[in-house]
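The next block holds one structure in the form of structure tokens; read it before the comments.
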Amino acid sequence: MRGTGNGPGWELRSRGKKDQGLPLENREKGLWVMKHIAIGILGAATLGLVASAASATTLDTVKAKGFIQCGVSTGLAGFSAPDDKGDWQGIDADFCRAVAAAVFGDGTKVKFTPLSAKERFTALQSGEIDILSRNTTWTINRDTALGLNFIGVTYYDGQGFMINAKKLPGVNSALQLSGAAVCVQSGTTTELNLADYFKANKMEYNPVVFEKLEEVNAAYDAGRCDVYTTDQSGLYGIRLTLGSPADHVVLPEIISKEPLGPAVRQGDDQWYHIVKWTYFALLQAEELGITKANVDEMKNSASPEIKRVLGQEADTKIGTDLGVSNDWVVNIVKAVGNYGEMFERNVGSGSPLKIARGINALWTKGGLQYAPPIR
Amino acid sequence: MASQEVLREEPSRGSFINDPKVRGIFFQALVVVVLVAGVWWIAHNVIDNLTRLHIASGFGFLKGRAGFDISESAIAYSSDSTYGRAILVGLLNTVIVAVVGIITATIIGFIIGIGRLSQNWLIRKICTVYVEVFRNIPPLLVIFFWYSGVLAVLPAPRDSINLPFGSFLNQRGFYFPRAVWGDGSWLIFVALLVGIAMAWFVARKARQRQMATGQQFPVLWTALALIVGLPLLAYALSGFPLTFDYPKQSTFNLTGGFQVRPEFLSLYLALSCYTAAFIAEIVRAGIRGVSRGQTEAAGALGLRPGSILRLVVVPQAMRIVIPPLTSQYLNLTKNSSLAIAIGYPDLTATAGTVLNQTGQAVEGVVIMMVIYLAISLLTSLVMNWFNAKMALVER
Numbered sequence: 001m002r003g004t005g006n007g008p009g010w011e012l013r014s015r016g017k018k019d020q021g022l023p024l025e026n027r028e029k030g031l032w033v034m035k036h037i038a039i040g041i042l043g044a045a046t047l048g049l050v051a052s053a054a055s056a057t058t059l060d061t062v063k064a065k066g067f068i069q070c071g072v073s074t075g076l077a078g079f080s081a082p083d084d085k086g087d088w089q090g091i092d093a094d095f096c097r098a099v100a101a102a103v104f105g106d107g108t109k110v111k112f113t114p115l116s117a118k119e120r121f122t123a124l125q126s127g128e129i130d131i132l133s134r135n136t137t138w139t140i141n142r143d144t145a146l147g148l149n150f151i152g153v154t155y156y157d158g159q160g161f162m163i164n165a166k167k168l169p170g171v172n173s174a175l176q177l178s179g180a181a182v183c184v185q186s187g188t189t190t191e192l193n194l195a196d197y198f199k200a201n202k203m204e205y206n207p208v209v210f211e212k213l214e215e216v217n218a219a220y221d222a223g224r225c226d227v228y229t230t231d232q233s234g235l236y237g238i239r240l241t242l243g244s245p246a247d248h249v250v251l252p253e254i255i256s257k258e259p260l261g262p263a264v265r266q267g268d269d270q271w272y273h274i275v276k277w278t279y280f281a282l283l284q285a286e287e288l289g290i291t292k293a294n295v296d297e298m299k300n301s302a303s304p305e306i307k308r309v310l311g312q313e314a315d316t317k318i319g320t321d322l323g324v325s326n327d328w329v330v331n332i333v334k335a336v337g338n339y340g341e342m343f344e345r346n347v348g349s350g351s352p353l354k355i356a357r358g359i360n361a362l363w364t365k366g367g368l369q370y371a372p373p374i375r
Numbered sequence: 376m377a378s379q380e381v382l383r384e385e386p387s388r389g390s391f392i393n394d395p396k397v398r399g400i401f402f403q404a405l406v407v408v409v410l411v412a413g414v415w416w417i418a419h420n421v422i423d424n425l426t427r428l429h430i431a432s433g434f435g436f437l438k439g440r441a442g443f444d445i446s447e448s449a450i451a452y453s454s455d456s457t458y459g460r461a462i463l464v465g466l467l468n469t470v471i472v473a474v475v476g477i478i479t480a481t482i483i484g485f486i487i488g489i490g491r492l493s494q495n496w497l498i499r500k501i502c503t504v505y506v507e508v509f510r511n512i513p514p515l516l517v518i519f520f521w522y523s524g525v526l527a528v529l530p531a532p533r534d535s536i537n538l539p540f541g542s543f544l545n546q547r548g549f550y551f552p553r554a555v556w557g558d559g560s561w562l563i564f565v566a567l568l569v570g571i572a573m574a575w576f577v578a579r580k581a582r583q584r585q586m587a588t589g590q591q592f593p594v595l596w597t598a599l600a601l602i603v604g605l606p607l608l609a610y611a612l613s614g615f616p617l618t619f620d621y622p623k624q625s626t627f628n629l630t631g632g633f634q635v636r637p638e639f640l641s642l643y644l645a646l647s648c649y650t651a652a653f654i655a656e657i658v659r660a661g662i663r664g665v666s667r668g669q670t671e672a673a674g675a676l677g678l679r680p681g682s683i684l685r686l687v688v689v690p691q692a693m694r695i696v697i698p699p700l701t702s703q704y705l706n707l708t709k710n711s712s713l714a715i716a717i718g719y720p721d722l723t724a725t726a727g728t729v730l731n732q733t734g735q736a737v738e739g740v741v742i743m744m745v746i747y748l749a750i751s752l753l754t755s756l757v758m759n760w761f762n763a764k765m766a767l768v769e770r
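Structure, rendered in structure tokens:
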């Protein structure tokens with residue numbers, strides 16, 4: 001445009017110059033000011049809008065939309081994986097159903113969001129999901145710097161190694177793995193433990209790192225790496241999905257503590273308590289022998305403790321104080337059963353994984369699962 | 376004078392509101408205010424929300440210990456290095472794959488592009504098929520094709536394919552002997568540098584002589600002799616200090632030698648093949664853009680077809696080719712972030728892991744955006760300089 005001698009442009013410029021000399025009229029001055037004020041008000045209004053939107057509680061939001069948005073894995077057998085009908089199955093998926101039962105009295109009011117290890121925390125921080133129930137290890141960093149609150153440990157796990165025994169017949173300990181190519185999922189505590197373990201034992205390894213679980217599985221199955229490392233429970237689940245599961249063995253070493261549990265956002269104590277006590281209610285139900293089958297009979301139990309837990313005590317306020325109905329434990333057990341039932345159905349004797357209760361047994365049976373009293 | 380008086384008496388015509396200059400300034404100011412308010416609002420919102428959710432913020436995390444390992448690194452890196460260094464490793468991996476990808480894509484692209492204009496029916500059709508195939512498949516699929524379709528079906532390390540010169544090919548990658556430079560090998564590098572400098576000098580002199588006298592000098596052979604011969608001479612003089620570290624079979628993998636991992640190979644091959652198809656079309660368009668009269672005139676002067684292409688057509692075509700070529704280079708660099716799908720530790724992958732381990736999503740994404748922006752602007756800058764250099768100079 002410049003230098004082309006464009007007619008209208010020149011005309012506009014010259015007219016502007018002429019008008020500069022004209023005196024400002026008061027009316028127009030006022031208009032200027034009014035416009036400025038309008039912009040100011042508009043800006044302030046937008047900011048105010050943001051401030052008020054941030055203050056709604058998670059419980060209110062969840063109740064308003066009518067379901068709980070639950071963050072799960074992209075498919076880990078026993079924890080959260082879609083079955084042949086597309087329904088999410090597993091301990092982690094069932095835990096979200098338990099919370100839905102506590103809040104709505106209906107365990108089906110859950111929508112699942114499959115997340116990679118990398119996406120999971122941002123999804124919770126940003127409010128995209130209400131609970132992160134995705135075989136996630138509880139660490140201090142995640143509890144503090146990431147703005148999360150872990151509510152407890154739904155599965156005590158530890159990191160292990162799996163190899164193809166047919167291809168590597170002589171290997172029966174993780175300490176023989178120096179020089180191996182190791183498949184691992186990125187952005188996990190597993191990745192960090194792996195680096196620590198090999199460093200501590202002065203061994204070398206080639207990390208083969210993928211973002212998605214399916215990509216790690218495919219690479220291991222194709223022979224891109226010699227060793228697969230993740231939580232031991234995960235290894236048993238993954239082994240079932242491989243081409244020939246019988247060829248693969250899980251090595252005996254457990255190299256880390258992996259307490260897996262659900263997490264919620266910081267800053268909403270009410271929601272935190274609802275999710276935390278849903279977990280305790282599952283444990284308490286198992287401890288008291290309340291099951292999916294007998295929960296209705298148990299309501300008329302002679303034991304004051306059972307009656308209290310099931311909300312049958314006269315004028316009870318346990319449920320309403322929490323922000324849910326008083327028969328919340330009944331709803332939870334009706335939806336998913338007690339903790340023991342949930343465990344056996346998904347990862348224990350009732351599942352292809354056949355993992356023993358081990359340290360995940362109740363404290364009364366020598367395990368670590370322990371709930372504070374519901375009273 | 377008379378007309379001015381008339382203007383001044385007209386009340387509405389000279390109204391402040393209708394003054395285009397004032398209006399222009401007003402609306403520009405309005406846009407600036409809205410823009411600044413928008414950016415400020417977003418920044419304020421982010422900071423506010425981060426504080427409300429008790430999420431740590433700031434760039435201090437870059438000094439923390441990373442704790443994870445990275446499979447490929449151009450610089451020294453271990454799990455004890457900092458997060459900042461991990462991001463740097465990723466950045467270098469991105470730059471490496473982008474640079475070698477750009478070079479290969481340019482070479483393939485020029486060959487295919489010129490091939491599409493060949494007089495030979497078979498060559499022309501093969502090049503057309505190449506362009507149509509690679510141009511119409513998403514780059515991610517091309518990467519998967521190389522990774523899962525070609526490299527993953529290679530044999531396991533135990534049954535590696537033996538290649539000449541002690542190299543091996545298996546599903547863990549391509550292994551070849553690594554040169555180990557002994558004492559006195561600096562002489563070889565010095566000789567190489569001297570050889571290159573002398574070859575350049577010879578080429579300059581030969582050009583000047585041809586300009587002045589019209590006599591040609593065999594520059595290519597002289598240069599080759601200087602660049603290869605001098606280092607060889609230095610190698611012999613310094614007592615053959617070069618040895619090779621050959622890859623050997625061990626319990627799990629081949630050890631020793633130099634390993635090119637399948638993740639890098641597939642990303643590199645896929646990006647090169649994919650971008651080459653676009654470059655070929657740009658080159659074809661560039662050559663087509665040179666008037667046919669130029670070729671005919673050069674032919675009338677008695678130049679051979681090869682010389683016509685090299686001395687007349689390509690230099691003129693370059694002026695058309697370079698600007699769209701820049702876009703392709705930028706595309707290739709940005710497409711390298713698809714590496715994440717096959718686990719090549721590029722910038723997106725390592726910065727993503729850092730982001731996940733520290734939970735500082737906003738900072739992590741900002742770092743990634745700034746780095747990609749910087750790489751792209753730098754590429755544009757270099758290409759613009761090259762474009763200005765190649766532009767038509769009137770003598």
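Line by line, the protein sequences are chains A and B. Positions 1 to 375 (my numbering) are the ones given, in order, by the first sequence. Positions 376 to 770 (my numbering) are the ones given, in order, by the second sequence. Cβ coordinates follow ideal geometry from the N, Cα and C atoms, glycine included.
Checklist entry - Hey, does A:Q232 have any beta-carbon neighbour from chain B nearer than 7 Å? => result Not one beta carbon of chain B lies nearer than 7 Å to the beta carbon of A:Q232.
Checklist entry - Out of curiosity, what's the CA-to-CA distance linking A:F150 and A:K257? => result The straight-line gap from Cα to Cα measures roughly 15 Å.
Checklist entry - Per DSSP, A:E258 forms a beta bridge with which residues? => result Bridge partners of A:E258: A:D157.
Next on the checklist: I'd like to know whether the C-beta of A:D60 is nearer than 7 Å to at least one C-beta of chain E.
Outcome noted: As a matter of chain content, chain E is missing from the structure shown, whose protein chains are A and B.
Checklist entry - So with Cβ pairs under 7 Å, would you call A:K276 a contact of chain B? => result Not a single CB atom of chain B sits nearer than 7 Å to the CB of A:K276.
Next on the checklist: Tell me which residues of the region 623-646 of chain B have at least one Cβ-Cβ distance to chain A shorter than 9 Å, keeping chain order.
Outcome noted: If the cut-off is 9 Å between Cβ atoms, the region 623-646 of chain B has S625, T626, F627, N628, T630, Q634, R636, P637 and E638 near chain A.
Next on the checklist: Measuring straight from C-alpha to C-alpha, what distance separates A:F67 and A:G179?
Outcome noted: Looking at the two C-alpha atoms, the distance is approximately 49 Å.
Checklist entry - Mind pulling the chain A residues with CB within less than 9 Å of B:A726? => result Those within 9 Å of B:A726 in chain A number zero; the least Cβ separation is about 11 Å.
Next on the checklist: By the 9 Å beta-carbon criterion, what residues does the region 442-457 of chain B contribute toward chain A?
Outcome noted: Within the region 442-457 of chain B, contact with chain A at the beta-carbon level (separation under 9 Å) is assigned to G442, F443, D444, I445, S446, S453, S454 and D455.
Item to check | Check whether B:Y649 and B:V517 have beta carbons under 7 Å apart | outcome: Contact flag set, yes.
Checklist entry - If you run the structure through DSSP and keep just helix, strand and coil, what is B:A724? => result Assigned with DSSP and collapsed to three states, B:A724 falls in helix.
Checklist entry - When the Cα atoms are used, what is the spatial distance from A:L377 to A:A98? => result Since the displayed chain A opens at 1 and closes at 375, residue 377 of chain A lies outside it and no answer follows.
Checklist entry - Taking 7 Å as the CB-CB limit, is B:L516 close to chain A? => result No - not a single Cβ of chain A is within 7 Å of the one on B:L516.
Checklist entry - How about A:K292 and A:V333: do their beta carbons lie closer than 7 Å? => result Between A:K292 and A:V333, the CB-CB gap stays under 7 Å.
Checklist entry - Under 7 Å Cβ-Cβ, which residues of chain B neighbour A:V208? => result Within chain B, the residues S446 and G718 have their CB atoms less than 7 Å from the CB of A:V208, given in chain order.
Item to check | Per DSSP, the bridge partner or partners of A:P82 | outcome: According to DSSP, which records beta bridges pairwise, A:P82 is partnered with A:W88.
Checklist entry - Would you say the region 231-246 of chain A touches the region 392-403 of chain B, given that touching needs at least three Cβ pairs under 8 Å? => result Per the Cβ contact rule, the region 231-246 of chain A is not in contact with the region 392-403 of chain B (fewer than 3 Cβ pairs under 8 Å).
Checklist entry - Between the region 111-140 of chain A and chain B, which residues of the former have CB atoms less than 8 Å from a CB of the latter, in chain order? => result Closer than 8 Å at the C-beta level to chain B, one finds these residues of the region 111-140 of chain A: A117, K118, F121, T122 and Q125.
Next on the checklist: Using beta carbons (cut-off 7 Å, strictly below), is B:N545 in contact with chain A?
Outcome noted: Among the CB atoms of chain A, none fall inside 7 Å of the CB of B:N545.
Checklist entry - What residues in its chain sit with their C-beta under 6 Å from that of B:I560, if we drop five residues either side in the sequence? => result As written in the sequence, residue 560 of chain B is Ser, which differs from the Ile given in the question. For B:S560, where only same-chain residues beyond five positions count, the Cβ hits under 6 Å are P616.
Next on the checklist: Using only the alpha-carbon positions, how far apart do A:C183 and A:L353 sit?
Outcome noted: Spanning the two alpha carbons is a distance of roughly 21 Å.
Item to check | At least 3 beta-carbon pairs within less than 8 Å: the region 327-345 of chain A vs the region 294-311 of chain A | outcome: Touching, per the Cβ criterion.
Item to check | B:M765 versus B:T670 - alpha carbon distance | outcome: Within the model, the alpha-carbon separation for B:M765 versus B:T670 is close to 19 Å.
Checklist entry - The alpha helix (DSSP H) spanning B:V658 covers which residue range? => result P637 to R663 is the span of the alpha helix (DSSP H), which, as asked, contains B:V658.
Checklist entry - Short check: CB of B:V472 to CB of B:Y643, under 7 Å? => result Yes. Within cutoff.
Checklist entry - For A:D94 and chain B, any beta-carbon pair shorter than 7 Å? => result No Cβ of chain B is located within less than 7 Å of the beta carbon of A:D94.
Checklist entry - Does the separation of the CB atoms of A:V347 and A:I359 fall below 7 Å? => result No.
Checklist entry - What are the boundary residues of the alpha helix (DSSP H) that includes B:L425? => result In the DSSP assignment, B:L425 falls within the unbroken alpha helix (DSSP H) covering P395 to R427.
Item to check | C-beta contact flag for B:G718 and A:V209 at 7 Å | outcome: In this structure, A:V209 lies closer than 7 Å to B:G718 by Cβ.
Checklist entry - So B:Q691 is in the alpha helix (DSSP H); what residue range does that whole segment cover? => result From DSSP, the alpha helix (DSSP H) with B:Q691 extends over V689 to N710.
Next on the checklist: Let me see if you follow: with CB-CB separation under 7 Å, is B:I430 close to chain A or not?
Outcome noted: Yes, B:I430 lies at the interface with chain A (some Cβ there is under 7 Å from its Cβ).
Checklist entry - Does the separation of the CB atoms of A:F121 and B:G734 fall below 7 Å? => result The Cβ atoms of A:F121 and B:G734 sit closer than 7 Å to each other.
Item to check | Listed by chain order, chain B residues near A:D226 by CB distance under 7 Å | outcome: Within chain B, the residues near A:D226 are F627.
Item to check | Simplified DSSP state of A:D130, which is helix, strand or coil | outcome: Reduced to three states, the DSSP call for A:D130 is coil.
Checklist entry - Within the 7 Å Cβ cut-off, does A:L391 reach chain B? => result No answer is possible for residue 391 of chain A: the residues shown for chain A start at 1 and end at 375.
Next on the checklist: Short of 6 Å in beta carbon distance, which residues of its chain neighbour B:I430, apart from the five on each side in sequence? Order them along the chain.
Outcome noted: So no residue of the chain qualifies.
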